[in-house]
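Residue numbers for the sequence shown follow my numbering, so the first one is 49 and each next one is one higher.
Ideal Cβ positions, reconstructed from N, Cα and C, are used throughout, including at glycine.
All remarks here apply to the structure that follows.
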Amino acid sequence: MYTTKEKGHSRQNSMTPLLVKRPLRFLKTPAIIVITLFMFLLGLNLYQLSPSFGNIIGDASVSIYPTGDINDRPLVLYAYKETENARKNALFFITHGLHSAADFIFILNGPTNLTDSIPSSASNIRVIQREDKCFDMGAYGEVLNANDQRLVKRYNKFILLNASVRGPFMPTWSRECWSDAYLARITDTNKLVGMTYNCKPRRQEVHPHIQSMILATDRTGISLLLPILSECFTSHMRAIYAEGNSTRAMWNAGFTATALMTSFSSKENYAHECNHTDVLGGGAYYGMAVHPYETIFMKANRNYGQRVLDRFTEWTDEAGYSSYEVCGRGRNEIPALGGWGRWKEAAVAKIRG
Numbered sequence: 049m050y051t052t053k054e055k056g057h058s059r060q061n062s063m064t065p066l067l068v069k070r071p072l073r074f075l076k077t078p079a080i081i082v083i084t085l086f087m088f089l090l091g092l093n094l095y096q097l098s099p100s101f102g103n104i105i106g107d108a109s110v111s112i113y114p115t116g117d118i119n120d121r122p123l124v125l126y127a128y129k130e131t132e133n134a135r136k137n138a139l140f141f142i143t144h145g146l147h148s149a150a151d152f153i154f155i156l157n158g159p160t161n162l163t164d165s166i167p168s169s170a171s172n173i174r175v176i177q178r179e180d181k182c183f184d185m186g187a188y189g190e191v192l193n194a195n196d197q198r199l200v201k202r203y204n205k206f207i208l209l210n211a212s213v214r215g216p217f218m219p220t221w222s223r224e225c226w227s228d229a230y231l232a233r234i235t236d237t238n239k240l241v242g243m244t245y246n247c248k249p250r251r252q253e254v255h256p257h258i259q260s261m262i263l264a265t266d267r268t269g270i271s272l273l274l275p276i277l278s279e280c281f282t283s284h285m286r287a288i289y290a291e292g293n294s295t296r297a298m299w300n301a302g303f304t305a306t307a308l309m310t311s312f313s314s315k316e317n318y319a320h321e322c323n324h325t326d327v328l329g330g331g332a333y334y335g336m337a338v339h340p341y342e343t344i345f346m347k348a349n350r351n352y353g354q355r356v357l358d359r360f361t362e363w364t365d366e367a368g369y370s371s372y373e374v375c376g377r378g379r380n381e382i383p384a385l386g387g388w389g390r391w392k393e394a395a396v397a398k399i400r401g
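Next comes the structure, spelled out in C-alpha cells:
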C-alpha cells in the first residue's frame, strides 16, 4: 500500500474499495451524499493517476507545463539517491540549472529530505519519491512507463540526468541555455546526445556508448530507449549493460549518437574509430581531464579534476548564475551578462542559506 500526496491531501489506495463497498442508501441527508461522492471521486482520481509512482508531491502524471506549446518544452528527469556528494550536486543544480522553459521531475530514490530544497510549488517542477531500486536507468523507465506512458505521449524532448554530475557550468560569454545546448544536437538523424563517449569499455560484453550521466533525446529516441529502461536492474553491472545498449539501440535503428566532449567532433566517424576507454578519470582524456566548459556538466563522484570542480563551483555560486536569465528568452531579452553578474542575489542567498 502506498500513499499519494497532493496539495496537502493524503489518500491510501485502500480508500476506493472501502468507499465502493459503502451503500449510499445508508446515508441520511443529501449533503452527506454529496460529500461522500466528492470524496469517492477524489480518491478514485488520485488512485488512477499514479499507481506506480510511490509518493508524489504534485501530480507528475498530468501536464505540468505552465505555458506554451508542449512540443517545444523539454521534460527533464533528475534521478537522485542520497549521498554527501549527490546532495552537493543536486543543490547546485537546483540553484543554477532550474528554469521556466522546461518541466522538471525529481526522482528521489530512497530516504532523503532533499524535498525541502526543491521548489516543488512551481508549476513546472514535481517530485517523485520512490523505493531505492532498479538504479537510475530503471527509475527513468518506471516514471516514463507509468500511466500508459502518458509523459512520453505528451512531450517530444527529454533529458535524463542524474546526481553524479555537477552543473550546469556555462562560460561567462555564453548566452545559451544549458538544456538547449544538449537538445540542439538532436536532429532527424541524431537521436542521442550525452557528455562523453566510451570507445572501449573494459568489459568486452559492454558496447561502446554515450555515457548515461546525462542523455538528451526526442520522442523517437525515447521510444528506442524504453525497452531498455523498462528493466528493473538488480546490479550495477546490469545497469552498465543498459548504458551500452542504449547507444547500440540508436545505431540499430539507423540513427547516430553524439557526445559534447570536444574530441568527439574532431572526426566524422569518431564513435567507430576512437580507441580510448572511459575518459572520466585523471589523465584519461588524452592525458588530461574533460573540462566542464566542453560538456557543461562534470562528473563529480570520481577522484579527478577536484580543483577545477571546486573552483568552478565557488565562482558560479558567488556570481549567482541563474538559468532563468537565459532559458526561454529571446536574444534581445537576455541580460548583457547572461546568467552571470547576480552578485547581490548570491550574497543574500548565502546569508539566508
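Buried or exposed: which applies to residue 324, given that a residue is buried once 16 or more other Cβ atoms fall within 10 Å of its Cβ? Within the sequence shown, the letter at position 276 stands for residue 324. By the 10 Å Cβ count, residue 324 comes out exposed.
Rounded straight-line distance, which links the Cα of residue 155 to that of residue 100: Residue numbering aside, residue 100 sits at position 52 when the sequence shown is read from its first letter. Residue numbering aside, residue 155 sits at position 107 when the sequence shown is read from its first letter. Here residue 100 scores only 36 on pLDDT, less than 50, and its place in the model is too uncertain to base an answer on.
Are the beta-carbon atoms belonging to residue 298 and residue 269 less than 8 Å from one another? Residue numbering aside, residue 298 sits at position 250 when the sequence shown is read from its first letter. Residue numbering aside, residue 269 sits at position 221 when the sequence shown is read from its first letter. Yes, Cβ-Cβ distance for residue 298 and residue 269 is below 8 Å.
Could you name each continuous alpha helix (DSSP H) segment of 4 residues or more that falls completely within the region 231–284, going from the start of the chain to the end? As far as the region 231–284 is concerned, its whole alpha helix (DSSP H) runs of at least 4 residues are 267–277.
Sufficient close CB pairs (3 or more, under 8 Å) joining the region 200–215 to the region 128–136: Yes, they touch.
Over the uninterrupted beta strand (DSSP E) stretch that includes residue 201, give me the two end residues. Taking the sequence shown and counting its residues from 1, the one referred to as residue 201 is at position 153. Secondary structure note for residue 201: it is in no beta strand (DSSP E), and the uninterrupted alpha helix (DSSP H) holding it is 183–202.
For residue 233, which residues from the same chain have a beta carbon less than 6 Å from its beta carbon, with the 5 sequence-adjacent residues on both sides left out? In the sequence shown, counting from the first residue as 1, residue 233 sits at position 185. Contacts found: 241, 306.
Rounded C-beta distance between residue 281 and residue 290? I'm assuming under 8 Å. Against the sequence shown, residue 281 aligns to sequence position 233. Against the sequence shown, residue 290 aligns to sequence position 242. Contact between residue 281 and residue 290 holds: CB atoms are separated by about 6 Å, below the 8 Å threshold.
Measuring alpha carbon to alpha carbon, tell me which of 223, 387, 314 ends up nearest residue 369. Residue mapping note: residue 369 aligns to position 321 of the sequence shown, counting from 1. Across the set 223, 387, 314, the C-alpha of 387 shows the shortest separation from the C-alpha of residue 369.
Just to confirm the assignment, what range does the alpha helix (DSSP H) spanning residue 128 have? Start at 1 with the first residue of the sequence shown, and residue 128 comes out as number 80. Note, residue 128: premise wrong, no alpha helix (DSSP H); beta strand (DSSP E) at 122–129.
Extent of the continuous alpha helix (DSSP H) to which residue 357 belongs: Within the sequence shown, residue 357 is the residue found at index 309, counting from 1. For residue 357, the enclosing alpha helix (DSSP H) starts and ends at 354–367.
With C-beta atoms as the reference, is residue 215 less than 8 Å away from residue 346? Residue mapping note: residue 215 aligns to position 167 of the sequence shown, counting from 1. Residue mapping note: residue 346 aligns to position 298 of the sequence shown, counting from 1. Their beta carbons are under 8 Å apart, which means residue 215 touches residue 346 by this criterion.
Uninterrupted alpha helix (DSSP H) stretches inside the region 278–353 (no shorter than 4 residues): Runs found: 284–300, 318–321, 340–343.
Please confirm whether residue 277 and residue 186 have their CB atoms less than 8 Å apart. Locating residue 277 in the sequence shown gives position 229, where the first residue counts as 1. Locating residue 186 in the sequence shown gives position 138, where the first residue counts as 1. Using a Cβ distance threshold of 8 Å, residue 277 and residue 186 count as a contacting pair.
Determine the direct distance from the alpha carbon of residue 396 to that of residue 300, and round the result to whole angstroms. Along the sequence shown, one-based indexing puts residue 300 at 252. Along the sequence shown, one-based indexing puts residue 396 at 348. One C-alpha to the other measures close to 51 Å.
Between the Cα of residue 177 and those of 317, 374, 162, 171, spot the shortest distance and give me the residue it belongs to. If you number the sequence shown from 1, residue 177 lands on position 129. The residue with the shortest Cα to Cα distance from residue 177 is 162.
Between residue 409 and residue 320, is the Cβ-Cβ spacing less than 8 Å? Absent from the model: residue 409. The displayed extent of the chain is 49 to 401, so no value can be given.
Since residue 217 is in the alpha helix (DSSP H), which residue starts that stretch and which ends it? As a position in the sequence shown, residue 217 is number 169, starting the count at 1. Run containing residue 217: none; DSSP gives neither H nor E here.
Could you tell me which residues DSSP puts in a beta bridge with residue 173? Here the question's residue 173 lines up with position 125 in the sequence shown. In the DSSP assignment, residue 173 is bridged to 152.
Three-state class that DSSP yields for residue 146 in the structure shown: By 1-based counting over the sequence shown, the position of residue 146 is 98. Three-state result, residue 146: coil.
May I have the straight-line CA-CA distance separating residue 181 from residue 286, to the nearest angstrom? Taking the first residue of the sequence shown as 1, we reach residue 181 at position 133. Taking the first residue of the sequence shown as 1, we reach residue 286 at position 238. Residue 181 and residue 286: Cα-Cα distance of roughly 13 Å.
I'd like to confirm the pairing. Which residues does DSSP put opposite residue 207 in its beta bridges? As a working mapping, residue 207 is identified with position 159 in the sequence shown. In the DSSP output, where bridge partners are listed per residue, residue 207 has 124, 264.
Distance check for residue 292 and residue 333, CA to CA, integer angstroms please. In the sequence shown, the residue the question calls residue 333 occupies position 285. In the sequence shown, the residue the question calls residue 292 occupies position 244. Cα to Cα, the separation comes out at about 19 Å.
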